[in-house]
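Student:
Residue numbers (the numbering used here): -6 to 202.
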């Protein structure tokens, strides 16, 4: 009897999970139906970055709403211990052309970060700054369309070293790396491996000239 009860409970739990994921699919369909202005309004509503291409806005909103739905259903991370009390979520925008050679020097032109409390599943604070590129100071038409960033925004911005210092002060304000343990999170290897690492390398080389 006990085994049957456990099996029934497991089946009921799976059925509830299936319902939640069907609801998430409905949410995704709704997000896909939104135009860019509607996406920007919803992202602002949840204190998320409202800039970028149509596809990146949809992806950002879908990711947030999926996590929100899973958390409300007590599905998110139910059997995994949280290793870090805080996540700093990074999503850089960088210079680019429609076709980039393998040695193209991508430069960060937007430095956004969101501080997330993993226990409360809530956004604590945000950091955002545009960055002035120096190797390729003029944005390509493709880059402006892809990122939603204008030439005027980067022309009026500070260069990377100053923005990095601002970001470090923002981390220090929240005692990240000292009192509070945290991890940096991105949606792929490009942000850290190509953009941030490459930016630091380029700046070191330029400073040595």
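Just so it is clear, CB atoms sit at the ideal spot from N, CA and C, and this is done for glycine as well.
(1) Could you say if the segment 91 to 104 and the segment 178 to 192 meet the contact criterion of at least three C-beta pairs nearer than 8 Å?
(2) Report yes or no: do the segment 33 to 41 and the segment 124 to 138 share at least 3 C-beta pairs separated by less than 8 Å?
(3) Helix, strand or coil for residue 46? Go by DSSP, reduced to three states.
(4) Can you give the beta carbon distance from residue 82 to residue 124, rounded, assuming they're within the 8 Å contact cut?
(5) Under a three-way DSSP split, which group does residue 154 fall into?
(6) To the nearest angstrom, report how far apart residue 203 and residue 168 are at their CA atoms.
(7) Which residue marks the beginning of the alpha helix (DSSP H) containing residue 135, and which one marks its end?
(8) Exposed or buried, residue 105, counting other C-beta atoms within 10 Å across all chains shown (16 or more means buried)?
(9) For residue 133, collect the residues of the same chain with a Cβ closer than 6 Å to its Cβ; drop the 5 residues on either side in sequence, then sort them by chain order.
Tutor: The relevant details are as follows:
(1) Touching, yes, given that three or more Cβ pairs across the two stretches are closer than 8 Å.
(2) Result no; under three Cβ-Cβ pairs closer than 8 Å.
(3) Residue state for residue 46 is assigned as coil, using DSSP reduced to three classes.
(4) Actually they do not touch by this definition, with Cβ atoms about 18 Å apart.
(5) In the displayed model, residue 154 falls within a helix according to three-state DSSP.
(6) Here the chain comprises residues numbered -6 to 202, so residue 203 is not present and cannot be evaluated.
(7) 134 to 140 is the span of the alpha helix (DSSP H), which, as asked, contains residue 135.
(8) The C-beta of residue 105 has 16 or more other C-beta atoms within 10 Å across all chains shown, which makes the residue buried.
(9) Contacts found: 90.
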